[in-house]
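Undergrad: Mapped onto this note's numbering, the consecutive letters of the sequence shown carry residue numbers 122 to 319. Below is a structure I'd like to ask you about.
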Amino acid sequence: MVMTLDGSIAGSDGLSKSISSTADRALFGQLRRAAEVILVGASTVRTENYRPARMPIAIVSNTLNLPAGLALFAEASGQTPRGMVLTSQVAIDAAPSDLAGRIDLIACGAQKVDLRTAIDALAARGLMRIHCEGGPTLLTALLEANALDELLLTVSPVFVGSAARLLSPSQFPGLTLQPQQVLTSDGSIFLRYLVTSE
Numbered sequence: 122m123v124m125t126l127d128g129s130i131a132g133s134d135g136l137s138k139s140i141s142s143t144a145d146r147a148l149f150g151q152l153r154r155a156a157e158v159i160l161v162g163a164s165t166v167r168t169e170n171y172r173p174a175r176m177p178i179a180i181v182s183n184t185l186n187l188p189a190g191l192a193l194f195a196e197a198s199g200q201t202p203r204g205m206v207l208t209s210q211v212a213i214d215a216a217p218s219d220l221a222g223r224i225d226l227i228a229c230g231a232q233k234v235d236l237r238t239a240i241d242a243l244a245a246r247g248l249m250r251i252h253c254e255g256g257p258t259l260l261t262a263l264l265e266a267n268a269l270d271e272l273l274l275t276v277s278p279v280f281v282g283s284a285a286r287l288l289s290p291s292q293f294p295g296l297t298l299q300p301q302q303v304l305t306s307d308g309s310i311f312l313r314y315l316v317t318s319e
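In structure tokens, the structure reads:
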């Protein structure tokens, strides 16, 4: 995740790329290449206009609001892994018939996504190295579920003002961040924490 000094996760254009540095994008690419699957919230997929990647993309969505025109679907080919949506059984039952043709729908809860079940579903497919790219709703939910092992955060040396924040309002009792690594480049600070619970 990347954020500004005032906690914004996107620039004035609503995109994270506009607050990211060249070094941050290089690190982001390395982290992606080391992963077996990318975990991302549906809102982030829509906002950032995700494209197919060399590894599968697992979208977390309670509503399946994933328009057919998304680049993730429109640019998919036999050269890229088929994506998946970790969702609820209720959403699958109400899903448009063409959605299942574009992406695998995986029930991870009856009414809403249970993130522990979602992580288990990925593991059952041999996808153990999960790289979560947010956004704030998913990051907050992972912290609430105590389902995050590590937090990698870039702090960009800018102020944005009124944009979405890194976390949604919540409480995380018993979670502790243990600093593991701090790097700097071009004014950005790269932080790596282990997330532990009491």
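Glycine included, every Cβ here is placed at the ideal spot set by N, Cα and C.
What residue range does the alpha helix (DSSP H) around residue 271 cover?
TA: Note, residue 271: premise wrong, no alpha helix (DSSP H); beta strand (DSSP E) at 271-277.
Undergrad: Identify the continuous alpha helix (DSSP H) that holds residue 261 and give its terminal residues.
TA: 257-265 is the span of the alpha helix (DSSP H), which, as asked, contains residue 261.
Undergrad: Considering just the uninterrupted stretch of the beta strand (DSSP E) at residue 302, what are its terminal residues?
TA: Segment 296-306, the beta strand (DSSP E) holding residue 302.
Undergrad: Round the Cβ separation of residue 257 and residue 287 to the nearest angstrom and send it over; I've been treating them as touching at under 8 angstroms.
TA: Right, the Cβ-Cβ distance comes to about 6 angstroms (below 8 angstroms), so this counts as a contact.
Undergrad: Cutting at 7 angstroms between CB atoms, please list the residues of its own chain near residue 236, excluding the five before and the five after it.
TA: Here the set comprises 262, 263, 266, 268.
Undergrad: Taking the alpha carbon of residue 178 as the point to measure from, which residue in 140, 196, 157 has its own alpha carbon closest?
TA: Closest option to residue 178, Cα to Cα, is 157.
Undergrad: Going by other Cβ atoms of all chains shown within 10 Å of its Cβ, with 16 needed for buried, is residue 160 buried or exposed?
TA: Looking at its Cβ environment, which holds 16 or more other Cβ atoms inside 10 Å, residue 160 is buried.
Undergrad: Could you tell me how far apart the beta carbons of residue 277 and residue 309 are, in whole angstroms, since I believe they sit closer than 8 angstroms?
TA: That belief holds up - the Cβ atoms of residue 277 and residue 309 are roughly 5 angstroms apart, short of 8 angstroms.
Undergrad: Considering only DSSP beta bridges, list what residue 253 is partnered with.
TA: In the DSSP output, where bridge partners are listed per residue, residue 253 has 160.
Undergrad: Check each candidate in 275, 185, 188, 170 and name the one with the smallest Cα separation from residue 140.
TA: When each option's Cα is compared against that of residue 140, the closest is 275.
Undergrad: Quick one: what's residue 286 bridged to in DSSP?
TA: In the DSSP output, where bridge partners are listed per residue, residue 286 has 129.
Undergrad: Let me check understanding here. Comparing Cα to Cα, which of 271, 280, 233, 125 lies closest to residue 297?
TA: Considering only alpha carbons, the answer is 271.
Undergrad: Taking the C-alpha atoms as reference points, what is the distance between residue 320 and residue 123?
TA: The requested residue 320 is not part of the displayed model; the chain covers only 122 to 319.
Undergrad: Let me make sure I understand the geometry here. Which of 174, 219, 173, 213 has the alpha-carbon closest to that of residue 188?
TA: Answer by Cα proximity: 219.
Undergrad: What separation, rounded to the nearest whole angstrom, lies between the Cα atoms of residue 193 and residue 170?
TA: Whole-angstrom Cα-Cα distance: 7 angstroms.
Undergrad: Leaving aside the five residues before and after residue 313 along the sequence, list all residues of the same chain whose C-beta is less than 6 angstroms from its C-beta, in chain order.
TA: Result list for residue 313: 273, 301, 302, in chain order.
Undergrad: Considering only the alpha carbon of each residue, which of 166, 174, 173 lies closest to residue 186?
TA: Answer by Cα proximity: 166.
Undergrad: Could you tell me the distance, in whole angstroms, from the CA atom of residue 215 to the CA atom of residue 204?
TA: Between residue 215 and residue 204, the C-alpha separation is close to 19 angstroms.
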